[in-house]
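Visitor: In case it helps, numbering that gives the first Met the number 0 puts the sequence shown at residues 0 to 181. By construction, the Cβ of each residue, glycine as well, lies at the ideal position given by its N, Cα and C atoms. Model, not experiment: these values are computed from the prediction.
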Amino acid sequence: MPLGPIPTLKLSPMLQRIQSVFLLLAVLVSLSGLFLPLWQLGTGTEQEVITGLATTATFEAGAEAESRYFFAHPEAMRTVLHSLVMGLNVVAAVWLVLTIFAYDDRPRQIRRIYIGIVLILFQILALVFLTRQEPEMVLGGVESGMPQYGLAAPIVAVALAWLAISRIRKDEELVRSMDRIR
């Protein structure tokens with residue numbers, strides 16, 4: 000008894016394009032910056048780790064405490080820079096997701112990706128200000144501060160968006176060459 004045809008997963012044409020995959024990866028990497036450690040500060044045995052959503056302090060006894068910058072804390076969003084980093088991250092991610100669905104007009108899609116890159120660059124600028132001012136805002140001054148791997152997330156997102164632009168341009172050149180052949 001035949002079982003019939005094997006069902007196949009049919010993705011829409013836009014998700015099969017490599018530039019859409021690059022944009023989706025840029026969104027995921029950008030959003031991961033909210034959860035990855037961005038900066039680590041320390042005074043003696045006290046350490047404080049800053050992420051896009053929260054700041055967690057570890058004190059001498061090894062106990063962890065959420066500082067005033069935690070997203071769910073009542074005094075959350077007190078810091079304009081934390082709010083700016085979070086807001087720019089989410090806005091850039093949503094913008095790039097919407098850009099994925101603009102695949103029918105390639106020049107407009109490229110312009111939208113450029114806007115997304117500018118948003119991510121503003122996020123990087125806000126991260127620089129955050130990491131420059133954070134030592135004075137927490138722990139009353141610090142002995143040392145180290146960048147963490149979360150700071151690379153927006154840079155990787157920009158690189159992935161740039162790769163998407165290059166692939167869209169190659170698609171546009173291919174379409175133009177096919178039009179010349181006709």
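Rounded to whole angstroms, what is the Cα-Cα separation between Trp94 and Phe34?
Guide: One-based indexing of the sequence shown puts residue 94 at position 95. One-based indexing of the sequence shown puts residue 34 at position 35. Going by the C-alpha atoms only, they are around 20 Å apart.
Visitor: Thinking C-beta only, is Ile99 closer than 8 Å to Leu24?
Guide: Within the sequence shown, residue 24 is the residue found at index 25, counting from 1. Within the sequence shown, residue 99 is the residue found at index 100, counting from 1. For Leu24 and Ile99, no; Cβs fall outside 8 Å.
Visitor: With a threshold of 8 Å, are at least 3 pairs of Cβ atoms found where one atom belongs to the stretch 112 to 130 and the other to the stretch 169 to 180?
Guide: The stretch 112 to 130, when compared against the stretch 169 to 180, does not touch it at the 8 Å Cβ threshold.
Visitor: Pop quiz: Leu126 and Leu40 are said to be a contact at Cβ under 8 Å. What is the actual Cβ separation, rounded to whole angstroms?
Guide: Reading the sequence shown from its first residue, position 127 is the one you call residue 126. Reading the sequence shown from its first residue, position 41 is the one you call residue 40. About 14 Å separates the two Cβ atoms, so there is no contact after all.
Visitor: Checking 8 Å against the spacing of the C-beta atoms, do Phe121 and Leu150 come in under that value?
Guide: Here the question's residue 121 lines up with position 122 in the sequence shown. Here the question's residue 150 lines up with position 151 in the sequence shown. Going by C-beta atoms, Phe121 is not nearer than 8 Å to Leu150.
Visitor: With respect to the alpha helix (DSSP H) encompassing Gly18, which residues constitute its N-terminal and C-terminal limits?
Guide: Reading the sequence shown from its first residue, position 19 is the one you call residue 18. According to the sequence as given, residue 18 is Gln; it is not Gly. Taken as a continuous stretch (DSSP letters only), the alpha helix (DSSP H) holding Gln18 covers 17 to 31.
Visitor: DSSP on Leu8, reduced to helix/strand/coil?
Guide: The count along the sequence shown starts at 1 and reaches residue 8 at position 9. Bear in mind that a pLDDT of 47 at Leu8, under 50, signals an unreliable position, so the number given afterwards is only what the model happens to contain. Looking at Leu8 - three-state DSSP - the assignment turns out to be coil, as it is neither helix nor strand.
Visitor: Could one say the Cβ of Leu37 lies closer than 8 Å to chain E's Cβ atoms, at least one of them?
Guide: Among the chains in the structure shown there is no chain E, since it carries only a single protein chain.
Visitor: The alpha helix (DSSP H) with Ala152 in it runs from where to where?
Guide: Within the sequence shown, numbered from 1, the residue matching residue 152 stands at position 153. 152 to 180 is the extent of the alpha helix (DSSP H) around Ala152.
Visitor: Counting only the same chain and skipping the five closest in sequence on each side, list residues whose C-beta sits under 6 Å from that of Met76.
Guide: Within the sequence shown, the letter at position 77 stands for residue 76. Low confidence applies here, because Met76 scores a pLDDT of 41, under 50, leaving its location unreliable and the question unanswered by this model.
Visitor: Buried or exposed for Met136, going by 16 or more other Cβ atoms inside 10 Å?
Guide: Your numbering for residue 136 matches position 137 in the sequence shown. Confidence at Met136 is low in this model, with a pLDDT of 49, below 50, so its placement is unreliable and no value can be given for it.
Visitor: Short check: CB of Ala92 to CB of Ser29, under 8 Å?
Guide: Position 93 of the sequence shown, counting from 1, holds the residue named residue 92. Position 30 of the sequence shown, counting from 1, holds the residue named residue 29. Result yes, Cβ atoms of Ala92 and Ser29 sit closer than 8 Å.
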